[in-house]
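Undergrad: Here it is, the structure, as structure tokens.
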Amino acid sequence: MAVKTATGASLLAADLEKAQKYDITAYGAVSGGDPVKNTEAVNQAFAQAAQNGGGTVSVPAGDYKVYTIRLRSGVNLCLEKGCVLRAAKTDIRHSYEKQEGEGGHYDKPEVNLYAGIQDHGHTYYANSMIYGADISDVMIYGEGLIDGGCLEDGFRSYVLLGGDPKMPKMRNEPGVGSDGEWFGNKAISLLRCKNVVLKGFKLVIGGHFAIIAQGVENMLVEDVLVDTTRDALDVDCCQNVTIRNSTFNSLTDDALVMKASYGAGKFMPLKNVLIEDCRVSGYDAGSVAAGVYTREKLVAADRGGPTGRVKLGTESTCGYEQVTVRRVRFERSRGFALEAVDGSDLTDILFTDCEMENISSSPIFIRAGERGRFPGRETAGRKRLKQGKEMCVWITGTGCFPPGRNIPVIRQKGILLLTEKIASSTLTAIPLFPLSARRNRRM
């Protein structure tokens with residue numbers, strides 16, 4: 001049986017071009033100006049463009065510090081040549097890193113009833129520099145730069161942090177811990193969007209995820225350069241995606257990673273993703289964008305060699321179908337990783353015509369594993385149900401749904417059960433319960 005080749009997205013950048021432009025300086029944005037006022041100006045430009053039926057918000061040459069920019073359907077963001085859209089600092093007093101703020105804040109992490117099945121970073125998205133949820137027909141493009149850091153006394157300071165705020169106690173609460181503190185940790189977050197183009201710009205120091213696309217359908221990523229400290233581009237539970245002619249550099253985490261979590265709040269396998277003519281690497285953060293490719297840092301955070309790889313996983317509960325990776329060059333990085341975790345399926349994965357140089361660990365890495373993030377369900381009794389080819393068992397006695405930790409195979413009172421593999425697109429009527437749910441004991 002032949003492996004199905006991915007065809008990717010069905011749109012081009014030209015399909016989303018908008019002639020009408022809205023210059024952010026006309027709304028009060030000033031190069032080197034106050035971040036709070038700049039943020040208000042940019043969001044006013046987006047609101048005006050959306051009210052008028054669409055258009056392009058333009059960022060002219062200059063250096064503009066901002067907090068959260070909220071994307072709108074039918075409105076593009078153009079980063080003109082010579083512009084820098086820069087992350088502004090926020091007050092951080094209780095986290096692993098401290099920061100003196102500049103008068104504003106990133107949007108508060110939203111409520112996500114599926115918290116605990118995946119990391120905080122791809123459970124909450126609103127606390128991002130550029131954020132779009134449930135929107136369509138959007139393009140971010142241009143020759144400008146998105147910068148999640150700044151220079152202080154000759155050294156680069158990371159404004160968008162690589163870690164996450166603390167988890168809330170209950171799932172019906174925003175993604176903020178008991179100290180009430182949060183911060184920006186992603187440059188671009190796209191949640192449940194349709195018809196998206198990312199083209200031409202550079203992005204450096206993007207926090208935990210420089211770009212995360214969660215539950216996005218029909219997306220083209222073309223001619224971008226992402227040079228960061230952790231994940232460069234996460235494509236999580238997306239379908240019909242093309243990534244081409246782009247560069248992704250990350251020494252301490254993955255460069256280009258496909259995932260399949262419940263972060264978008266629905267069961268959605270990653271499907272039909274085409275990656276071609278790209279380069280991934282693990283040089284020092286910021287050095288690829290600067291064109292110097294330095295190698296001063298020798299190991300990643302896990303004490304292994306430079307990461308910067310292409311990976312399927314680790315969050316992969318919903319599974320992968322029809323992923324094609326071709327003509328990708330790996331430099332000073334780890335290799336190609338395929339990880340089937342928590343009972344996920346990997347089907348029609350094609351890896352061909354790629355080059356590897358100075359690989360720090362396995363050129364090809366394949367494994368099955370578990371992180372205890374497979375959703376279960378509590379009912380009044382034990383029942384075995386048949387859904388297509390999947391054997392589904394409704395788990396009792398776990399005390400919550402979805403659990404903070406659950407594994408595909410558990411033993412309960414001497415009875416072997418398989419956790420439910422949910423085929424429906426959305427789940428409702430989720431009870432509220434603490435996130436500190438007890439982990440089911442593994443066999």
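The opening residue of the sequence shown carries number 1 in the UniProt record's numbering; numbering runs sequentially from there.
For each residue, glycine too, the CB sits at the ideal point set by N, CA and C.
Using the Cβ count rule (16 or more neighbours within 10 Å means buried), how would you classify D353?
TA: exposed
Undergrad: To the nearest angstrom, how far is it from the Cα of D91 to the Cα of K4?
TA: 49 Å
Undergrad: What did DSSP end up calling F46 once you bin it into helix, strand or coil?
TA: helix
Undergrad: For A29 and A187, I'd like the C-alpha separation in whole angstroms.
TA: 19 Å
Undergrad: On a Cα-Cα basis, can you pick out the residue from R230, I349, V224 and Y320 that is closest to G343?
TA: Among R230, I349, V224 and Y320, the Cα nearest to that of G343 is on Y320.
Undergrad: What is the residue span of the beta strand (DSSP E) that I140 lies within?
TA: S136 to G142
Undergrad: Could you tell me which residues DSSP puts in a beta bridge with K202?
TA: L145 and L225
Undergrad: I need the straight-line Cα distance from R373 to L220, nearest angstrom please.
TA: 29 Å
Undergrad: Under three-state DSSP, which class holds residue 500?
TA: Not covered by the structure: residue 500. The range shown for the chain is 1 to 443.
Undergrad: Let's test the definition: count the other Cβ atoms within 10 Å of the Cβ of G32 and tell me whether it reaches 16, buried, or not, exposed.
TA: exposed
Undergrad: Is the segment 233-245 touching the segment 290-305, taking contact as three or more C-beta pairs under 8 Å?
TA: Flag = no, the segment 233-245 and the segment 290-305 do not touch.
Undergrad: For G8, write down the residues that DSSP places opposite it in a beta bridge.
TA: In DSSP, G8 forms no bridge with anything.
Undergrad: Taking the alpha-carbon positions, what's the L346 to E339 distance?
TA: 8 Å
Undergrad: From the DSSP secondary-structure annotation, give me the bridge partner or partners of E339.
TA: Its beta-bridge partners are R367.
Undergrad: Could you work out which residue in F351, D254 and E102 is closest to G304 when comparing CA atoms only?
TA: D254
Undergrad: Mind checking if E357 is an interface residue toward chain D, Cβ cutoff 8 Å exclusive?
TA: Absence of chain D from the displayed structure is noted, only one protein chain being present.
Undergrad: Between the segment 206-226 and the segment 92-110, are three or more C-beta pairs nearer than 8 Å?
TA: no
Undergrad: What would DSSP say about K259, mapped onto helix, strand or coil?
TA: Here DSSP, grouped into helix, strand and coil, assigns K259 to strand.
Undergrad: Could you give the C-beta distance for V159 and K89, rounded to a whole number, given that I count them as a contact under 8 Å?
TA: About 5 Å; that satisfies the 8 Å criterion.
Undergrad: Leaving out five residues before and five after F103 in sequence, what residues of the same chain have Cβ atoms less than 6 Å from its Cβ?
TA: Checking the displayed sequence, the identity of residue 103 turns out to be Gly instead of Phe. Taken in chain order, the residues that qualify are V36.
Undergrad: Please work out which residues of its chain come closer than 8 Å, Cβ to Cβ, to L16, disregarding the five sequence neighbours upstream and downstream, and give them in chain order.
TA: N76, D137, V138, M139, N195 and V197
Undergrad: Can you find the residues in the same chain that come closer than 7 Å, C-beta to C-beta, to G55, ignoring five residues on each side of it along the sequence?
TA: K18, Q20, K21, Y22, A49 and V75
Undergrad: Going by Cα to Cα distance, which pick from R86, Q214 and K166 is closest to I146?
TA: Closest option to I146, Cα to Cα, is R86.
Undergrad: Quick check: the Cα distance between G263 and L190, rounded to an integer number of angstroms?
TA: 11 Å
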